[in-house]
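Shown next, in structure tokens, is the structure this report addresses.
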Amino acid sequence: MPDTLGYTFVITGAPWTTQAPQSALSVARAVLAAGHRIDRVFLYGEGVHLASSLASPPSDEHNWPHLWSAFLTEHEISAVACIASALRRGIVDPKEQARYELESSNLRSPFEIAGLGEWVEGNLKSDRVLYFHGAN
Amino acid sequence: MPDTLGYTFVITGAPWTTQAPQSALSVARAVLAAGHRIDRVFLYGEGVHLASSLASPPSDEHNWPHLWSAFLTEHEISAVACIASALRRGIVDPKEQARYELESSNLRSPFEIAGLGEWVEGNLKSDRVLYFHGAN
Amino acid sequence: MTDTTLHITNKAPDHPRFRYCLSAFKEGDALILMEDAVLALTDQEQALPSTSYALSADAQARAVANRAPRQQLIDYNDFVQLTATYSRIINW
Amino acid sequence: MTDTTLHITNKAPDHPRFRYCLSAFKEGDALILMEDAVLALTDQEQALPSTSYALSADAQARAVANRAPRQQLIDYNDFVQLTATYSRIINW
Amino acid sequence: MSTLIIIDQSPYGSWAGREALDMTFSLAAFDQPAALLFVGPGVHWLCQGQNADNLGQKSVEKNLSAASMFGVEDILADAGSCARYNLAIEHLISGTTLVESIRDTIAGYNQVVFAG
Amino acid sequence: MSTLIIIDQSPYGSWAGREALDMTFSLAAFDQPAALLFVGPGVHWLCQGQNADNLGQKSVEKNLSAASMFGVEDILADAGSCARYNLAIEHLISGTTLVESIRDTIAGYNQVVFAG
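Protein chains in written order, with my numbering: chain Y, 1 to 136; chain F, 1001 to 1136; chain A, 2001 to 2092; chain Z, 3001 to 3092; chain H, 4001 to 4116; chain U, 5001 to 5116.
As structure tokens, this is what we get:
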């Protein structure tokens, strides 16, 4: 029987633009099914849009931000949107809303906002780091 | 002296991902400087992120959504984000916020949300339609 | 430093990075094609290494699964197994 | 239907759509290179039509302006002038 | 005023192609002549037998099969791209026309548009 | 644990390269060995004389010139790509090393990463 491995997922492609969040979710389910561990999901670049609480697709389509947040919550997996990527792209939590004096916030739970240090930590601590980029 | 021409701009690239909103703004200023008219700016696909009221870049960087909205307001130019593109990507106005029972809205004034019919109209009424896509 | 490598790419065969990926392939390496990269299974212009795999779900969506060798198609569980086997992975 | 056309592209020379753009070029057409497409000014692998222009701001940013023929560089006002002159425009 | 919409990317990997279809159907809905041209990896939009259930996406094949009913005038595929990916006309949805030259094809339309 | 970050796109046209730089500097800030490899249109990141004022962007040339001070170990450029774009070593910022083979270069690093 193989050892249990820890994975960090880095998602850089946005939903409804790339397939990255969909592929990553299928792989994530298979990682857990194989008995491995997901240490953290890190959203970078365009990938931060996966953490939007306002994405509202037609009702006959999958809502990838919702599916991802349900998966993360169920399995108690840490999920972080890079602060530099998120703020430029208009993904903010209540703390940044207050700091920038914005009229609202739109970060979906359980995603948190943090720096690239979390990615560096994943590189050091996880056995595997998988990247899910856009195809263009 | 040349006739005055009417232009429709279609922007499909997001700020902080593509150069499209920047190029489009430089061209838009030159269009007005040449005595022409901009009938409408239509945001499609990833371009809808230009209408985010929450984009918060570092203070030493240009804020493209802010620069665009100031330009549109000053010159009283109609600007529309495609409703299908915007809702999927989490750009919503108060009306859609209510309809989808969302906790907030994030559409920046003077952008409005409307359908592709506005793009078809631009095709028919404007003398020129210019597209600003991402480079990838 | 010269362990074998699992290369994973999601780029279509006409994307410049797809070519970089193939040019980096060494003996003993493996290649997974996912998303748009599965189109390489039927690309007449480019040969693939013999240890190439393609995600079945992506190949079925794009209707290339029925025109490609069966043994190259893998599911997400196989994908994870390969990432567990190879300690060095490059996502192109 | 066979008016001359102003082709505008922002794609780098190694992007597949850049090649489609060049392959669509007809005699009497003009080409504007903007954003990443200005790299084509110094690309040794691809020849450009003689009626090619490049946005100066983009060429300066990428430091190709000083290595390209001066007469090909245009500013945003020239860009608008060209879009007014040609009634048929394709944004590649 | 006839418009040609070009799709040059694979289906499913990015959303731009779906948004190009929406543009096409929107033109047709307003009685504006519209046609589609598929080139490069984009020719796979036309393949018969697409099954995207395992991706959680809807197949685009049905949309395209209904294109002529919605008033889309022509569905064109670049012959060279089909040859590259080993696609014969019988692999493609019915009503597809192969074209030999992108240059000659686009010359027949007033407008030529990409969705992204 | 040395990491090679690869940038294969032109500067200014997309943001992914800047985010690749941020990753590189972040590794260096945490004392993790990091190096940069520029290929294809990406070699233009290294050109001397960049002036992006008219684009409303900050030049990336200064960031890169400071890379070695920030602890970035190597700045590498693919020789073939430089030749394609007519770039000689004297056009590039000082400290750049030309490499002949992408395959041999990436073999020297534990991790190879793209930003997008």
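Glycine included, each C-beta is placed from N, C-alpha and C at the ideal position.
Treat the numbers as computed from the prediction; the structure is a model and nothing was measured.
When only Cα atoms are considered, U/A5066 and F/S1069 end up about 35 angstroms apart. Taking a beta-carbon distance threshold of 7 angstroms, F/V1041 does not count as an interface residue toward chain H. Two segments are said to touch when three or more pairs of C-beta atoms, one from each, lie closer than 8 angstroms; by this definition the stretch 4097-4105 of chain H does not touch the stretch 5027-5043 of chain U. The stretch 84-93 of chain Y makes contact with the stretch 111-119 of chain Y; the number of CB pairs closer than 8 angstroms reaches 3 or more. Shown here for H/A4020: same chain residues with a beta carbon closer than 6 angstroms to its own, the five before and five after excluded, namely I4005, I4007 and A4115 in chain order. Rounded to whole angstroms, F/E1103 and F/E1096 show a C-alpha spacing of 11 angstroms.
Taking 7 angstroms as the CB threshold, U/W5045 stays off the interface with chain F. Taking 7 angstroms as the cut-off, the beta carbon of F/E1074 is found no closer than this to the beta carbon of Y/T17.
Listed along the chain, the chain A residues whose CB falls inside 7 angstroms of the CB of Y/Y131 are N2091. Counting of Cβ neighbours within 10 angstroms places Z/L3006 among the buried residues, the total reaching 16 or more. If you draw a 10 Å sphere on the C-beta of U/S5101, you find fewer than 16 other C-beta atoms in it, and that means exposed. The Cβ atoms of Z/V3064 and Z/L3048 lie no closer than 7 angstroms to each other. According to the DSSP assignment, Z/H3007 belongs to the beta strand (DSSP E) that extends over L3006 to T3009.
The stretch 123-134 of chain Y and the stretch 1026-1041 of chain F do not touch, with fewer than three beta-carbon pairs separated by less than 8 angstroms.
A/I2074 and Y/T4 have their C-alpha atoms spaced approximately 21 angstroms apart. Counting C-beta atoms within 10 angstroms of its own C-beta, F/I1083 has 16 or more neighbours from the protein chains shown and is therefore classed as buried.
For A/A2057, no CB of chain U lies under 7 angstroms from its own CB, so it is not counted at the interface with that chain. The alpha-carbon separation between Y/R128 and F/R1099 amounts to approximately 42 angstroms. For Y/G117, the closest of U/M5023, U/M5001 and U/S5010 by C-alpha to C-alpha distance is U/M5023.
Counting only the Cα atoms, U/S5014 lies some 10 angstroms from F/A1014. In this structure the stretch 4070-4085 of chain H touches the stretch 4039-4053 of chain H; the number of beta carbon pairs closer than 8 angstroms is three or more. Inclusion of Z/P3013 and Z/D3058 in the CB contact set at 7 angstroms is not warranted, their separation being larger than that value.
For the stretch 7-26 of chain Y, the residues whose beta carbon sits under 7 angstroms from a beta carbon of chain H are, in order, W16, T17, T18, Q19 and Q22. Going by DSSP, Y/S78 is part of the beta strand (DSSP E) stretching over S78 to C82. In this structure H/E4061 does not touch H/I4089 by the C-beta definition: roughly 16 angstroms separates them, more than the 8 angstroms allowed.
Neighbours of Y/R88 in chain A, taken as residues at a C-beta separation under 8 angstroms, are lacking, since the least C-beta distance is about 23 angstroms.
Residue range G1006 to I1011 is occupied by the beta strand (DSSP E) that includes F/F1009. Taking 7 angstroms as the CB threshold, U/S5026 stays off the interface with chain F. By the Cβ neighbour-count rule, Z/M3034 is buried, with 16 or more other Cβ atoms within 10 Å of its own. Every beta strand (DSSP E) of 3 residues or more that sits fully in the stretch 12-85 of chain Y is shown, in chain order, as 37-43 and 78-82. Within chain H, A4083, R4084, Y4085 and N4086 have C-beta atoms less than 8 angstroms from the C-beta of A/Q2044, given in sequence order.
Distance between U/D5053 and H/R4018, taken at the CA atoms: about 36 angstroms. Interface flag for F/E1046 against chain Y is set, since a Cβ pair is found closer than 7 angstroms. The C-beta separation of F/G1035 from F/K1125 comes to about 19 angstroms, leaving the pair out of contact by the 8 angstroms criterion. DSSP, read as helix, strand or coil, puts Y/S109 in coil.
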